[in-house]
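Colleague: Each residue of the sequence shown is one higher than the last, beginning at 1107 in my numbering. First the structure, which I've put down as structure tokens, then a few questions once you've had a look.
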Amino acid sequence: MKCKSIFSANIFTGAFMLASIGGMFSSSANEAIQVQEIVAKASHASYYQGKSGRAKVQMTIEDKQKNQRIKKFTILREDIKNDVDEGQKFYIYFTYPSDERGTSFLVWKHLSKADDRWLYLPGLDLVKPIAASDERSSFVGSDFLYEDVSGRIPSEDQHELVKTTDNFYVVQSTPIDASKVEFSSYKSWIHKQSFLPVKSEFYDKNGKAYRVYEATKVETIASYPTVVESKMTNLVQGSHTLLKYMDVKYDIEFKENIFTEKYVRTPPRAYLK
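Encoded structure:
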């Protein structure tokens, strides 16, 4: 991923990208410990709550002229290890619009190497690998990126706690390898109680904000604070994408290994209802 981070804010990420939070830390020893804990908890709250998850999602894409496109899909997530925030697998199945019905997207998230991603196009009966170089490109034409599906890996950035308010930790994150991403840094507002990143601003090489993520509605589901509505805005193009998560469930028992290429072509309908 040229910069990792789409799925549901909480389940996947789930969500899409809840402000990719990472993992190298600032210079002060005391601050480094604090920042490390904040970042780790934010990553967990965004992508690892429960050992698995499912949600139905409505995506509304609006361009500068206020023209709207709506997409609907179901997203499934399973953690590789239940007690460690490491690898994960994600499956997305599109049901709307009709010309995209049957399109599916599979992600194997790795911490030690680039994620594996596949996109299935039913009209062509084609499974297309998504290259690591495409991770910072648009996810299905939205303002979210492919990386937003699974989240940015913690060790890809250096983090500094730049401000603390009554309700938020404000963390500035800078990529360790700037050649792999289009941003120079991003700033995240992390809620102190839930550790959910409720806002993230991405800055270009000139330090100007060009992309903003917002968690616009949070609910507690099965004891987990969960982002159920979020928004990604492209300040350069004047477009934005809204995500609404419905029928959210955690700790699902997947009786089959559905996160494989077989099910990219043949959807696991029992888990998509």
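By construction, the Cβ of each residue, glycine as well, lies at the ideal position given by its N, Cα and C atoms.
Express the C-alpha separation of Arg1223 and Val1213 in angstroms, rounding to a whole number.
Modeller: 5 Å
Colleague: Do the CB positions of Val1174 and Lys1350 come within less than 8 Å of each other?
Modeller: The question names Val, yet the displayed sequence has Gln at residue 1174. No.
Colleague: Enumerated in chain order, which unbroken segments of the beta strand (DSSP E) with a length of 3 residues or greater are wholly contained in the segment 1158-1192?
Modeller: As far as the segment 1158-1192 is concerned, its whole beta strand (DSSP E) runs of at least 3 residues are 1158-1168 and 1174-1185.
Colleague: Tell me the residue span of the beta strand (DSSP E) that contains Arg1223.
Modeller: Asp1222 to Leu1227
Colleague: In whole angstroms, what separates the C-alpha of Glu1320 from that of Glu1184?
Modeller: 25 Å
Colleague: Assuming the contact rule is C-beta atoms closer than 8 Å, Tyr1226 and Leu1378 should be a hit. Round their C-beta distance to whole Å, please.
Modeller: Going by Cβ atoms, the distance from Tyr1226 to Leu1378 rounds to 14 Å, so no, they are not a contact pair.
Colleague: Which residue wins for smallest C-alpha separation from Thr1347, given the options Leu1302, Glu1362, Val1318 and Ile1181?
Modeller: Nearest of Leu1302, Glu1362, Val1318 and Ile1181 to Thr1347, Cα basis: Val1318.
Colleague: Going by other Cβ atoms of all chains shown within 10 Å of its Cβ, with 16 needed for buried, is Leu1230 buried or exposed?
Modeller: Leu1230 is exposed by the Cβ-count criterion.
Colleague: Within its chain, find whatever has a CB closer than 7 Å to the CB of His1297; leave out the 5 residues flanking it on each side and keep chain order.
Modeller: Asn1273, Phe1274 and Val1304
Colleague: Considering only residues of the same chain and omitting the five flanking positions on each side of Asp1353, which have a CB-CB separation below 8 Å?
Modeller: Once the five neighbours on either side are set aside, the close Cβ partners of Asp1353 are Arg1160, Ala1161 and Lys1162.
Colleague: Comparing C-alpha positions only, which one of Asp1254, Phe1308, Ser1204 and Glu1288 sits nearest to Ser1294?
Modeller: Ser1294 has its Cα closest to that of Phe1308, out of Asp1254, Phe1308, Ser1204 and Glu1288.
Colleague: According to DSSP, Leu1232 sits in a beta bridge with which residue or residues?
Modeller: Leu1232 is bridged by DSSP to Leu1227.
Colleague: Enumerate in chain order the residues of its own chain whose CB-to-CB distance from Ser1133 is below 7 Å, with the five nearest sequence positions on each side excluded.
Modeller: The predicted position of Ser1133 is uncertain, since its pLDDT is 40 and thus under 50; a value taken from the coordinates is nonetheless stated next. Around Ser1133: no qualifying Cβ.
Colleague: Can you check which of these residues, Ala1328, Glu1362, Ala1315 and Tyr1356, is closest to Leu1341 by C-alpha distance?
Modeller: Ala1315
Colleague: Ignore the nearest five residues each way along the sequence and tell me which others in Glu1367's own chain have a CB closer than 8 Å to its CB.
Modeller: Leu1212, Trp1224 and Val1233
Colleague: Going by Cα to Cα distance, which pick from Ile1364, Thr1339 and Glu1325 is closest to Lys1170?
Modeller: The shortest C-alpha separation from Lys1170 is found at Thr1339.
Colleague: As an exercise, report each continuous beta strand (DSSP E) stretch of at least 3 residues that is fully enclosed by the segment 1241-1318, in chain order.
Modeller: 1263-1270, 1274-1281, 1291-1297 and 1303-1309
Colleague: Quick one: Cα of Val1356 to Cα of Ala1328, how far?
Modeller: In the sequence on display, residue 1356 carries Tyr and not Val. Each residue's alpha carbon lies about 7 Å from the other.
Colleague: Please state the DSSP three-state secondary structure of Gln1155.
Modeller: coil
Colleague: Taking the alpha carbon of Ile1236 as the point to measure from, which residue in Glu1288, Asp1221 and Ile1358 has its own alpha carbon closest?
Modeller: It is Asp1221 whose Cα lies nearest to the Cα of Ile1236.
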